[in-house]
Each structure stands twice: as C-alpha cells, then as structure tokens.
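Read the structure below first, then the notes.
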Amino acid sequence: MWISGRIVLLLLLVALVAAKTKTSAVQEDVSEYKDFKKLLRTKNNVLALYVTSAKAAAAELKVFREAAEAIRGTGTMLLVDCGQQDRKKLCKKLKVTPDRYTLKHYKDGDYHKDYDRQVSVGSIVTFMRDPSGDLPWEEDAEGDDVLHFSDAATFTKHLRKDIRPMLVMFYVPWCGFCKKMKPDYGKAATELKSQGGYLLAAMNVERQENAPVRRLFNITGFPTLIYFENGKLRFTYEGENTKDALVAFMLNPNTKPTPKPKEPEWSADTNSEIVHLTSQGFEPALKDEKSALVMFYAPWCGHCKRMKPEYEKAALEMKQQKVPGLLAALDATKEQPIAEKHKVKGYPTVKYFANGVYKFDVNVREASKIVDFMRDPREPPPPPPPEKAWEEEEDSKEVLFLNDETFSSTLKRKKHALVMFYAPWCGHCKHTKPEFTAAAIALQDDPRVAFAAIDCTKHSALCAKYNVRGYPTILYFSYLKIKLDYNGGRTSKDFIAYVNNPPSTTEHTEL
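Numbered according to mature numbering (1 follows the signal peptide of the UniProt record, and there is no 0), the sequence shown spans residues -19 to -1, 1 to 492.
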C-alpha cells in the first residue's frame, strides 16, 4: 500500500510539473506600450482580448484560450487585463476602454479592425486564418437554415445517419457565382424547412481539410450542387440558381429541372460599337486600320465578362469624342488558329495592331484607360527582370534550401536549426531574408548549427505538415526531435542569440 501511494503521489507531481512547463498559447506578458509595438513589429497577425478583469470576462477568456491552442503558429493571441494596475497605462495609451471585454485585430504592424464575429472557438479560428476574408456563410443570417458541413467527417457521418433528400452546394468563398447564389439558396432552405423532410446544405471546399471531398466528387468548378437521397449520391443539379427553381427541384427531383438559360453570344449584340472578328475576316478588317486594339476572350472567362462592359463603354466614348482607332474582339475558343498564331495563353489578352501588324500587348481593362491609350498608343515599358530565387543569390550559400527529400535527413544531424518557411512574393520574407542570411554566414563554421529555408510555393505538403499558415513562419529544431515556435526579433543578432541560447527544452513539442 505504501509503495502504491508513493507511485500515485509521484504521478501527481509529474502531472503538476508538466502543467506548469506547458507554454500557454496566449501571450500575457505585455504591459508597456514599447513592448506592445515590438510585438506588432514581429507578428503580422495579432488578436488582442482586452478585459476589465479575468473574472468579468471568464466565459470569453475560456473560448479565447481554446482558440489560441487551435491556431498555434498561425497567429498571436494577446491578453491585456486593463483592470491590473500595470496594464491600465497601456490600455489608456491605446484608447481601449472595454465594457467587460473587447477584441481588436492587428495586421502587418497596424490596427486592422475590431473583431465583429461570434465569440466561439470555430469563428475565431476561421477569422485568424483569413482576417481580411468575408464573414463565413455559416455566420450570416441568410444562411441560418442551410446545414453547413465543417469537414469531411461531419459530412460522411450525416450521410450515414440522415436519409432525407439533400442538395449540397460545394463552394469556395471567393467565387462570384457562389456569392450571387447564396441569398436564393438560403431562402430556398427556409421555405423547404417549413415543409419538412428536405435539406439544403453547403460545404466550403477551399479548406485544406475538405480537399478529399473535392477529389472524391471531382469538383472542378463552383458552385457545384449534388443531390443525395437515402445517404447516396444521385446526380449533379444542373438547373437554375434561383430560389423557385431550387424549391421546385427538391419537391420533385425526378422531373428534369429547367436548364440554365444559355448566355447570348457577345458577337450577337448589334447595338455595340465593338467589331467582332473571325479567322477569315481578321486580316482584312485590320490591314487598313492605323490603330486597333483586339481583345482575345473566352465566353466562360470571368475576367473577360468583367472587362466586356468597360470595353464597350470605351468604344462608345471613342466614337463620341472622335478618338481615332478600332476596338475589336475575337472569341479565342472558336477562332483557335488565330489565337494560336498570336500566342494567346490566357484570357483576356489585349493586343495592339497598326495597319494589321502586331506591335505589342496592352494591359488596360478600364474604359477611361482604354480611351487614354487609344489617344496616344505608346508601347508600355518592358517589365522588370524577374527577381532571382533566394537560393540563386550570391550571398545565400550558407542557407540550406531544403525540400521533401532533404528535410529530415539534414535536420536529424543538427543540434540547433532555425528553419524559415517562406513565399517568394511575401514582403515580410523579403525583409527577413538578408538578416537570416547574415546569421547563417556568421555561424557557418559551427557544424552543429543550420539556417535552413523552405519555399512553401514549391513544397506545400511539407509546409502543411508543420501547420504553416502565414509567412514567414520560423521554427527551431534540435535533431528533429524537438520543435519550438520562434517568436523573437528578425535581425541577424536576434537569430544568432536565439541559436546560441535556445529556450529551455521543457517548453517544446516532441516530434
């Protein structure tokens, strides 16, 4: 009994030590304004919870801490208790006077916005992954009666348990057609709910965790609507995207839905000042024109659809203002030989011709700019030469550029390794690169140390494995057995100091 009691006591002590040494995901040590500004300089995605007291905002603080754990490595969660004596001055300086609590977001070193969504773990996590994104559909009042599936697991579980007829809209947040359809879809869901027995559901398949669903149903365009019955896929919905059409379909899915009206061809518009070209008429139409702009387009192309009214407006203004020249258009999907001859690779492509001879490409899509160009058609300056890849730069030889094959084998041999996950276009990464490189050069003679880099645009799977959500993300590894988030400054001195004296290994994640 005595030995048994000692073992229980020992286990309790180990648990208490583990609890103490676990690093909180919420940062609570900022009490002065200079420290606050330093945090914003080094962190580009910060959500701050200001409270009158921890007791008064206990419920919100609990949610905040849970969300912080879920987004480790994605953003920084800061708690400021304005009721504490040493925090009052900071709250006053920031002009924050919470009524129990208030949440504010800071992006790229500056105040971004007040948090305006539900105070729930899911909502905060979604927001921190994309702070500039639209309000999630599931939080919009218009989508209250739509069943929203958060991931593949909840979706497949529902299919097993619920046999009611169900239409699922697979969408991505940035899709214009999806945004346009959402109000009708929500109204249809409300009407069908009142009749009972029918479900309209939705799933955001842009989320990484929903990629398997996208592959399973071969979803390549948005929105894609699929009808399920008795938990099994029946067919893809091909009808109109209106409330009445959706309701009629769900009430009688075996009746062939009214097909979407076919979009009229642009060339059929006889009221337009645009000259529509064909392969046969291309050269004859342009050879006597001293100045002509030709828009190569595809009927299905969204950017083309947005440019069409601007192009037509420009043609009308040119006629009214007597600006010389011709605005023409060619459907590159119908007249492929001409498009191929002029090396059209994307849509829309706008090319300038003089007396039927191609001169140069033009990047203008707004009516006013098109008219200005045609008044004085000058060749735009050549684009700047492409930036060298980081690994091609002269002074980057001491940085190890890793990939899926070399990552583990290299880091297993290094006692201290700082790894920078980056994207070539990222501004913060560009600022950090020379400092990171300088630190690598300074410690190049120490075989135990490595400064490594991963291009996440080339090695996305590796970046996803380490939950990289923003750039740059810098992680510390020791023999690939220990992983720590690097939260220090971004100068060479900061990097060197960290590697020479890393945090206690009690505050680490075992790999």
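Virtual Cβ for every residue (Gly too), placed ideally from N, Cα, C.
What three-state label does DSSP hand Phe203 in the structure shown? coil
Could you give the residue range of the alpha helix (DSSP H) that holds Tyr479? 473 to 481
Determine the burial state of Pro204: buried for a count of at least 16 other Cβ atoms within 10 Å of its Cβ, exposed for fewer. buried
In terms of residue numbering, what span does the beta strand (DSSP E) encompassing Arg346 cover? Per DSSP, Arg346 lies in no beta strand (DSSP E) segment and is marked neither H nor E.
Determine, using beta carbons only, whether Val352 and Met299 come nearer to each other than 7 angstroms. Yes, they are a contact pair.
From the DSSP output, read off the bridge partner residues of Glu210. DSSP output for Glu210 lists Lys213 as bridge partner(s).
Would you kindly report the start and end of the unbroken alpha helix (DSSP H) that includes Ile463? Residue range 463 to 466 is occupied by the beta strand (DSSP E) that includes Ile463, with no alpha helix (DSSP H) assigned at that position.
Start-to-end residues for the alpha helix (DSSP H) that takes in Tyr218: First-last for Tyr218: undefined, no H or E at that position.
Limits of the alpha helix (DSSP H) - the one that Ile455 falls within: No alpha helix (DSSP H) holds Ile455; the beta strand (DSSP E) holding it covers 454 to 459.
Is the beta carbon of Tyr403 closer than 7 angstroms to that of Tyr447? no
Range of the contiguous beta strand (DSSP E) that encloses Leu180: 180 to 185
Please confirm if the segment 158 to 166 is in contact with the segment 208 to 216, defined as three or more CB-CB distances below 8 angstroms between the two stretches. no
Which residues mark the beginning and the end of the alpha helix (DSSP H) in which Asp16 is found? 14 to 23
Would you kindly check if the distance between the Cβ of Ala38 and the Cβ of Pro32 is under 7 angstroms? Just to set this straight, residue 32 is Val in the shown sequence, not Pro. When the beta-carbon positions are compared, Val32 and Ala38 come within less than 7 angstroms of each other.
Would you check if the distance between the CB atom of Ala423 and the CB atom of Leu381 is smaller than 7 angstroms? In this structure, Leu381 does not lie closer than 7 angstroms to Ala423 by Cβ.
For Tyr447, which three-state DSSP category applies? coil
Limits of the unbroken alpha helix (DSSP H) element including His284: His284: member of the alpha helix (DSSP H) spanning 283 to 302, first to last residue.
Evaluate Phe430 with the Cβ neighbour count: other Cβ atoms within 10 Å of its Cβ, from every protein chain shown; 16 or more gives buried, anything less gives exposed. At residue 430 the sequence reads Val, which differs from the Phe that was named. Classification of Val430: buried, given that the 10 Å Cβ count is 16 or more.
Grab me the residues of Gln8's own chain with a C-beta within less than 8 angstroms of its C-beta, minus the 5 sequence neighbours each way, in chain order. In the same chain as Gln8, and ignoring 5 residues on each side of it, the C-beta atoms closer than 8 angstroms to its own belong to Leu20, Thr57, Met58, Leu59, Leu60, in chain order.
Between Tyr179 and chain D, is there a C-beta pair that is closer than 7 angstroms? Protein chains in the displayed structure number just one, and chain D is not present.
Would you give the residue range spanned by the beta strand (DSSP E) that Ala273 belongs to? Element bounds for Ala273: 273 to 278.
Cutting at 6 angstroms between CB atoms, please list the residues of its own chain near Met288, excluding the five before and the five after it. Non-local beta-carbon contacts of Met288 in its own chain, meaning distances under 6 angstroms to residues more than five positions away in sequence, involve Pro329, Arg346 in chain order.
Outcome for Arg68 when other beta-carbon atoms lying within 10 angstroms are tallied against a minimum of 16: Taking all protein chains shown into account, Arg68 has 16 or more neighbouring C-beta atoms within 10 Å of its C-beta and is therefore buried.
CA-to-CA distance, Ala310 to Thr107, given in whole angstroms: The alpha-carbon separation between Thr107 and Ala310 amounts to approximately 42 angstroms.
Ser(-16) to Phe198, Cα distance in whole Å? Note that Ser(-16) has pLDDT 45, beneath the 50 cutoff, so the model's placement of it is unreliable and the number below is only indicative. Going from the Cα of Ser(-16) to the Cα of Phe198 covers about 56 angstroms.
I need the DSSP call for Leu399, collapsed to helix, strand or coil. Note: Leu399 maps to strand in three-state DSSP.
Out of Glu360, Glu373, Thr418, Arg450, point me to the one whose CA is closest to Lys474's CA. Thr418
Let me know the secondary structure DSSP gives Leu28 once reduced to three states. strand
Could you check the C-alpha separation between Arg22 and Ala40 for me, to the nearest Å? Taking the straight line joining both Cα atoms gives about 30 angstroms.
CB-CB under 8 angstroms to Trp371, same chain, minus the five flanking residues each way: which ones, in chain order? Excluding residues within five positions, the ones whose Cβ falls inside 8 angstroms are Ser377, Val380, Phe382, Tyr403, Pro405, Lys414, Ala434, Asp436.
Simplified DSSP assignment, three categories, for residue 532: Since the displayed the chain opens at -19 and closes at 492, residue 532 lies outside it and no answer follows.
Using a Cβ-Cβ cut-off of 8 angstroms (strictly less than) and excluding sequence neighbours within five positions of Gly202, which residues of its own chain qualify? none
Bridge-paired residues (DSSP) for His129: Per DSSP, the beta bridge partners of His129 are Ala183.
DSSP state of Val380 mapped onto helix, strand, coil: coil
Between the alpha carbons of Val343 and Thr251, how many angstroms are there, rounded? 26 angstroms
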